[in-house]
Each structure stands twice: as structure tokens, then as C-alpha cells.
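Heads up, the sequence shown is in our numbering, so the first residue is 193 and it goes up one at a time.
Ideal Cβ positions, reconstructed from N, Cα and C, are used throughout, including at glycine.
Quantities reported herein were computed from a predicted structural model and do not represent experimental measurements.
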Amino acid sequence: MRLAWLTDLHLPFVDDYERFFVALAALPTDALVITGDIGDADRTPAYLQTLAEHFQKPIYFVYGNHDFYHGSVEQARAEARMLCGSVPNLHYLSDGAVIALTPQTALIGHDGWADGRFGNWAMSYLELNDYYLIRDLSVCTKAERLTGIQALAAEAANAITVGLTQAMARYAHVIVATHVPPFREVCWHAGKIGDDDGLPHFSSKVFGEAILNVAASYPESRVTVLCGHTHSPAKAQITPNVYAVAGEAEYGRTAVQEIFEY
Ligand SMILES: [Fe+2]
Ligand SMILES: [Fe+2]
């Protein structure tokens with residue numbers, strides 16, 4: 193079973209994205225997994241639909257922060273679900289399914305959300321477009337913003353606790369697809385682990401803790417986390433049975449991160 197991993201495609205910045213879709217369809221792979229930042233709330237569903245027409249095998253995906261731009265979280269997720277209801281090879285992992293890739297390996301996932309807990313939120317004046325372009329977060333104060341992102345991150349952490357518990361009880365290897373790096377070890381920027389200014393917006397501590405808690409209860413099974421968001425490649429063995437990889441990306445360029453064979 194071969195699974196090709198894509199992340200942070202940012203297709204609004206790609207001139208001829210259909211050519212990339214055609215190339216994907218020719219890849220020696222049985223399925224795709226995409227860890228978010230495909231387009232924006234207006235365009236991501238159409239991109240996914242077109243991709244599904246070219247690549248007629250299962251496409252598993254989660255959303256990244258950009259996929260909610262110019263929309264609201266609830267509305268964008270509802271549209272993703274609706275799309276998956278009408279396109280049989282599209283699967284939105286945030287809905288909690290445990291996908292059996294092989295008898296030993298399962299795939300689960302969730303969008304995730306940065307939670308402001310690594311680094312120094314109070315002293316960070318980094319302004320992501322999230323805080324202006326996502327309806328849920330375009331609120332007035334920094335405190336309200338933190339409450340908003342932490343609620344989204346908590347929802348993601350709860351969902352992955354449920355999914356990972358189910359998956360680890362039955363599979364020797366579980367792949368967790370998510371957008372936001374859940375460990376600081378894979379949250380890099382400019383050649384090193386992010387600083388106090390960037391980490392609050394680019395990592396999700398609560399999501400990482402949720403993974404580690406479940407993984408500690410199943411030492412015989414292992415977890416591979418695939419994430420994106422930073423656009424900076426990183427790999428780290430977090431604990432003996434939890435390994436994490438962050439993908440590399442550049443606006444305007446499309447790439448396959450890796451093809452895994454299980
Ligand atoms: Fe991105
Ligand atoms: Fe992102």
C-alpha cells in the first residue's frame with residue numbers, strides 16, 4: 193500500500209495546478225493524504241473536487257488555517273463534509289474516521305489549531321492573517337483571540353484522543369494527519385526550532401499532549417504524525433513510539449512530500 197503525502201499546496205498561488213493534479217494521478221500511489229492549506233474557504237472545495245476527478249483513488253485530507261480564510265470554521269467544515277458526501281473518493285479526516293490502510297496501519301487526522309501555549313503568547317506581536325480573515329477569530333482583543341484559538345485547539349485535541357484511542361487499540365501503526373505541528377521539535381522556522389514569537393501561532397501543545405497521553409497507553413504500537421503549517425521541514429522522534437514529520441512548502445510551488453509504503 194502506497195500513500196503519497198502532500199501539504200500546504202496553497203493552490204491560489206499556483207498558476208497551472210491542474211497539471212500538478214495530472215502528475216499526481218500518474219504517481220505510483222494508492223491514496224493521497226493532504227495536511228491542509230489547500231486553498232481558502234471559497235476555493236478549497238472546488239480544488240478538492242477537481243483533484244478527485246483526476247486522482248480517482250482515495251484522497252484523505254484535513255484543513256489548514258488558510259482553508260478557512262474568507263469564511264468561518266463551522267461553515268467551511270460543513271462544506272467539506274457536504275463535498276465528501278457527494279464525491280466518494282474524498283474523505284475529510286476531521287470527522288473522526290479510522291481508515292484501515294493495511295491490516296497493521298491506520299490513518300486518522302484532524303485540522304488541529306495553534307494554541308498559543310509554546311513560546312510566549314503575551315509578548316508575541318505576530319499578526320497572522322487568521323486573526324483578520326477567519327470570521328471566528330476576527331475579534332477585538334488579543335485575549336479574545338487566545339480564547340478562540342484555544343477552543344479550536346481543545347476541540348481538535350479531544351477529537352484526536354478519541355480517534356487515536358480507537359486506532360491504537362487495533363493497529364500496530366497509526367498515522368495522524370494534522371495541519372499544525374503538535375511538538376516544538378518539529379515546529380521550525382529559518383533553520384531552527386521556532387522562537388517565542390512564532391511558536392504560539394505555529395504549534396499546538398494541547399494536541400501533542402493528547403497524542404502522547406494515548407500513545408503512552410499503547411507502547412506496543414507506534415504513531416507517525418504528519419503536519420505542515422510552518423513550511424519548514426523537520427523530523428523528530430518525540431518518544432520511543434511517537435515520530436513526527438513537518439513538510440516543506442513554498443508559495444507557488446507544488447511538491448509531493450513523501451510516498452510511504454506500508
Ligand atoms: Fe501553509
Ligand atoms: Fe497553515
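If you draw a straight line from the alpha carbon of Phe247 to that of Ala447, how long is it in whole angstroms? 15 angstroms
Helix, strand or coil, according to DSSP, for Gly311 in the structure here? coil
*Return yes when the Cβ of Leu282 is within less than 8 angstroms of the Cβ of Leu240, no when it is not.*
yes
Report whether the distance from the Cβ of Leu258 to the nearest heavy atom of ligand 1 is below 7 angstroms.
Here residue 258 turns out to be His, not Leu, going by the sequence shown. It does: the Cβ of His258 is within 7 angstroms (strictly closer) of some heavy atom of ligand 1.
*Would you call His421 buried or exposed, if buried means 16 or more other Cβ atoms sit within 10 Å of its Cβ?*
buried
message = Given this structure, state the Cα-to-Cα distance separating Gln449 from Leu198, to the nearest angstrom.
response = 6 angstroms
Use the C-beta contact count for Ser424: other C-beta atoms within 10 angstroms, 16 or more gives buried, fewer gives exposed. buried
Problem set entry | DSSP beta-bridge partners of Val366 | Ala298, Val415
### Task
Report buried or exposed for Val214, applying the criterion of at least 16 other Cβ atoms within 10 angstroms of its Cβ.
exposed
In whole angstroms, what is the alpha-carbon distance linking Val417 and Asp259?
20 angstroms
(message) Suppose the cutoff is 7 angstroms on Cβ atoms and the five residues either side in sequence are ignored; what does the same chain contact list for Gly308 look like?
(response) Leu338, Ile341, Gln342, Pro392
Quick one: complete alpha helix (DSSP H) runs, 4+ long, within the region 328 to 383?
334 to 362
Taking the alpha carbon of Arg268 as the point to measure from, which residue in Thr242, Ala289, Arg445, Ala238 has its own alpha carbon closest?
-> Looking at the sequence itself, residue 268 is Ala, so the reference to Arg does not match. Ala268 has its Cα closest to that of Ala238, out of Thr242, Ala289, Arg445, Ala238.
#### Entry: Glu440 - containing alpha helix (DSSP H), residue span
No alpha helix (DSSP H) holds Glu440; DSSP gives it neither H nor E.
Pull every residue with its beta-carbon under 5 angstroms away from any heavy atom of ligand 1, and keep them in chain order.
Asp200, Asp229
> Would you say Leu349 and Ala306 are within 8 angstroms of each other, going by their C-beta atoms?
Replying inline: The question names Leu, yet the displayed sequence has Ala at residue 349. No, they are not a contact pair.
Using a Cβ-based criterion (distance less than 7 angstroms to any ligand heavy atom), does His393 qualify as near ligand 2? no
| said: Assuming Ala223 is part of the alpha helix (DSSP H), what are its boundary residues? | reply: Here Ala223 belongs to no alpha helix (DSSP H); instead the beta strand (DSSP E) covers 223 to 227.
message = Pop quiz: Ser409 and His365 are said to be a contact at Cβ under 8 angstroms. What is the actual Cβ separation, rounded to whole angstroms?
response = Not a contact, Cβ separation roughly 16 angstroms.
- prompt: Using the C-alpha atoms, what's the distance from Val254 back to Val193?
  reply: The question names Val, but residue 193 in the sequence shown is Met. Looking at the two C-alpha atoms, the distance is approximately 21 angstroms.
Close-in-space but distant-in-sequence residues of the same chain around Ala351 (CB under 8 angstroms, 5 per side omitted): Ser286, Gly288, His302
- Is there at least one non-hydrogen atom of ligand 2 closer than 7 angstroms to the beta-carbon of His246? no
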